[in-house]
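Chemist: All residue numbers for the sequence shown refer to the numbering used here, where the first residue is 18 and numbers rise by one. Glycine residues also receive a C-beta, built at the ideal position from the N, C-alpha and C atoms. Got a structure here, written out as structure tokens. Questions coming.
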Amino acid sequence: MKQKDLINYNGNVLPAAEPVLTAQNRAFRYGDGLFESIRIIKDRVMLFPLHYQRMLNGLQHLKINIPDNFTEDFCKKLILDYCEQAGITENARIRLSFFRKAGGLFLPATNEAEYLIEGQALSNNNYNLNSKGLTIDIYTEIEKHFSMLAAYKTNNAVLYVMAAIYREEQGLDDCLVINSRSRVIESTNANIFLVKGNKLYTPPLAEGCVAGVMREFILYIAAKNNISVHETPLTLEELFEADEAFLTNAIYGIRWIEHYKSKVYTNSLTTKLARFLEEELTEG
């Protein structure tokens with residue numbers, strides 16, 4: 018089935034090119050909202066309970082209300098129905114955005130929510146590990162500060178925009194973001210893990226990284242397979258001391274890093290984890 022370029026705006030499925038947001042939209046004006054990037058593989062909404070819970074937690078922190086009928090099952094069906102209409106049920110990336118209804122200045126006129134679903138077909142229908150390792154560096158011009166919103170994918174994402182521009186300018190595959198203590202916390206769109214020996218290391222959420230859905234699932238897989246994990250702050254020096262390094266997000270799963278400055282990483286344990294991930298989700 019050929020993909021149709023559609024969106025779902027508050028329950029109305031419309032052509033994506035049709036204008037639906039006004040100048041009063043609060044996501045545009047104030048970044049007043051959040052989003053989830055969700056993977057569809059063969060009519061399955063991957064890891065959706067984790068996405069849904071993070072979404073609820075984030076909306077609660079933002080004090081944005083969603084209708085009582087917006088349960089996990091309702092939300093999941095909404096996404097799958099949209100994918101069917103758009104012809105992308107086999108393999109796709111979905112962006113589910115919530116934002117506060119228009120009205121007010123900084124003080125909103127209401128805390129009720131609006132939503133928007135967008136989709137994009139993808140070519141691969143699995144979480145295969147990348148065959149060629151990534152080349153990365155550090156973005157240091159803007160630091161990320163910890164707050165109660167740091168764990169969520171809010172619409173205020175200028176830091177990641179600037180980091181992505183830097184990545185492009187430097188010819189990198191990705192770059193890492195640091196916090197106000199100059200410690201590594203994540204990349205432009207993923208969580209970071211290091212491997213030393215047979216142990217995994219990743220920053221705790223208190224360092225300011227996004228509470229990644231795939232990050233949480235990797236922690237579960239590691240525990241299930243008796244792989245030791247340490248949630249601990251990561252310094253720039255520790256990037257050179259690690260044997261392996263990899264990134265995780267809900268769209269591609271795991272991507273291994275090969276080069277950071279003069280450091281060259283291997284991918285033995287990373288490859289094993291990628292296999293565990295594929296097996297776990299296939300069984301699921």
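Please check if any C-beta of chain B sits within less than 8 Å of the C-beta of LEU146.
Modeler: The chain inventory of the structure shown lacks chain B, comprising one protein chain alone.
Chemist: To the nearest angstrom, report how far apart THR39 and MET72 are at their CA atoms.
Modeler: Along the sequence shown, one-based indexing puts residue 39 at 22. Along the sequence shown, one-based indexing puts residue 72 at 55. Approximately 24 Å between the Cα atoms of the pair.
Chemist: How many Å lie between HIS276 and GLU254 at the Cα?
Modeler: Here residue 276 is taken as the residue at index 259 of the sequence shown, counted from 1. Here residue 254 is taken as the residue at index 237 of the sequence shown, counted from 1. Taking the straight line from one Cα to the other gives about 15 Å.
Chemist: Going by C-alpha to C-alpha distance, which of TYR269, TYR218, THR252 sits closest to ILE244?
Modeler: Taking the sequence shown and counting its residues from 1, one reaches residue 244 at position 227. The candidate whose alpha carbon is nearest that of ILE244 is TYR218.
Chemist: I'd like the list of long-range same chain contacts for TYR99, defined as Cβ closer than 6 Å, with 5 residues on each side in sequence excluded.
Modeler: Translated into positions along the sequence shown, residue 99 becomes position 82. Cβ neighbours of TYR99 beyond the five flanking positions: ASN25, ILE134.
Chemist: Apart from the five residues on each side of it in sequence, which residues of its chain come closer than 6 Å, Cβ to Cβ, to ALA138?
Modeler: Counting from one through the sequence shown, the residue named residue 138 turns up at place 121. Closer than 6 Å at the Cβ level, and outside the excluded window around ALA138, lie GLN20, ILE105, ALA109.
Chemist: Return helix, strand or coil for ASP90, following the three-state DSSP convention.
Modeler: Start at 1 with the first residue of the sequence shown, and residue 90 comes out as number 73. The answer is helix: DSSP assigns ASP90 an H, G or I state.
Chemist: In chain order, what residues of the same chain lie with their CB nearer than 7 Å to the CB of THR157, ignoring the 5 residues before and after it?
Modeler: By one-based count along the sequence shown, residue 157 stands at place 140. Closer than 7 Å at the Cβ level, and outside the excluded window around THR157, lie ILE195.
Chemist: In its own chain, which residues sit with a C-beta less than 7 Å from the C-beta of ALA180, not counting the 5 before and 5 after it?
Modeler: The residue given as residue 180 occupies position 163 in the sequence shown. TYR156, CYS192, VAL194, THR205.
Chemist: Measure the alpha-carbon distance for ILE271 versus ILE58 and round it to whole angstroms.
Modeler: Taking the first residue of the sequence shown as 1, we reach residue 271 at position 254. Taking the first residue of the sequence shown as 1, we reach residue 58 at position 41. The straight-line gap from Cα to Cα measures roughly 16 Å.
Chemist: Can you determine whether any heavy atom of the ligand ADP sits closer than 7 Å to the C-beta of VAL175, and answer yes or no?
Modeler: The ligand content of the structure shown is nil, which means the ligand ADP is not present either.
Chemist: Around the C-beta of ASP49, are 16 or more other C-beta atoms found within 10 angstroms, so that it is buried, or is it exposed?
Modeler: Taking the sequence shown and counting its residues from 1, one reaches residue 49 at position 32. Flag for ASP49 reads buried.
Chemist: Helix, strand or coil: how does DSSP classify CYS192 here?
Modeler: Here residue 192 refers to the residue found at position 175 when the sequence shown is read from its first residue. Strand, per DSSP.
Chemist: I need the DSSP call for ASN147, collapsed to helix, strand or coil.
Modeler: Translated into positions along the sequence shown, residue 147 becomes position 130. In this structure, ASN147 counts as coil in the three-state DSSP scheme.
Chemist: How is ARG46 classed by DSSP in three states: helix, strand or coil?
Modeler: Sequence index remark: in the sequence shown, residue 46 carries index 29 (1-based). Three-state result, ARG46: helix.
Chemist: With C-beta atoms as the reference, is ARG117 less than 8 Å away from ALA130?
Modeler: As a working mapping, residue 117 is identified with position 100 in the sequence shown. As a working mapping, residue 130 is identified with position 113 in the sequence shown. Yes; because the gap between Cβ atoms is below 8 Å, this pair is in contact.
Chemist: Rounded to a whole number of angstroms, what is the C-alpha to C-alpha distance between PHE115 and ILE55?
Modeler: The sequence position of residue 115 within the sequence shown is 98, counting from 1. The sequence position of residue 55 within the sequence shown is 38, counting from 1. PHE115 and ILE55: Cα-Cα distance of roughly 14 Å.
Chemist: For ARG117, report the span of its beta strand (DSSP E) as first-last.
Modeler: Counting from 1 along the sequence shown, the entry for residue 117 is found at position 100. First-last of the beta strand (DSSP E) with ARG117: 108-117.
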